Amino acid sequence: MLGTVTATRYTDQTCPPQAGLPALHMYWDIRGLYTEARSWQDRALTLTDVPDITRQRLLSAQACTADTQGDYMAAQAASDKAASLAMALTGETEVL
């Protein structure tokens, strides 16, 4: 956990607030640190609402984490937001 906290604090100081967190999703998943993952994901999502690819990836990671924990309503909500944002970023108007 100390490594995650250090990495996240470094990210907070040197990058846009949520930039490093999508990459940490795999770290948390492999180690089963789902509660920690959701805490940091929630924190990052509240720092900014800029609709960019980093936010889309973070929402996707949050959906996967919530699904793994059995929180299917939160997983669907995050997944829907990620899909909508991805379509907006690419100019798509409907899901194929």
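In numbering that gives the first Met the number 0, the protein residues as written are 0 to 95.
In this text, a Cβ means the ideal position worked out from N, Cα and C, and glycines have one as well.
Predicted, not measured: the structure shown is a model, and the values here were computed from it.
For residue i, count the other beta carbons within 10 Å of its own beta carbon; 16 or more makes it buried, fewer makes it exposed. Which is it?
i: A77; result: buried
i: T89; result: exposed
i: D60; result: It should be noted that the sequence gives Ala, not Asp, for residue 60. Label assigned to A60: buried.
i: T64; result: buried
i: Y9; result: At Y9 the pLDDT is 47, less than 50, meaning the model places this residue with poor confidence; the figure from the coordinates comes in the next sentence. Classification for Y9: exposed.
Are residue i and residue j closer than 8 Å when you measure CB to CB?
i: L57; j: K80; result: no
i: A74; j: A62; result: yes
i: L84; j: R54; result: yes
i: A43; j: H24; result: no
Check whether the stretch 62-70 touches the stretch 44-53, taking contact to mean three or more Cβ pairs, one atom from each stretch, closer than 8 Å. Cβ pair count under 8 Å is below three, so no.
What are the uninterrupted segments assigned as alpha helix (DSSP H) that are 4 or more residues long and contained completely in the stretch 19-95, given in chain order? Complete alpha helix (DSSP H) runs here, min 4: 20-30, 33-46, 52-67, 71-89.
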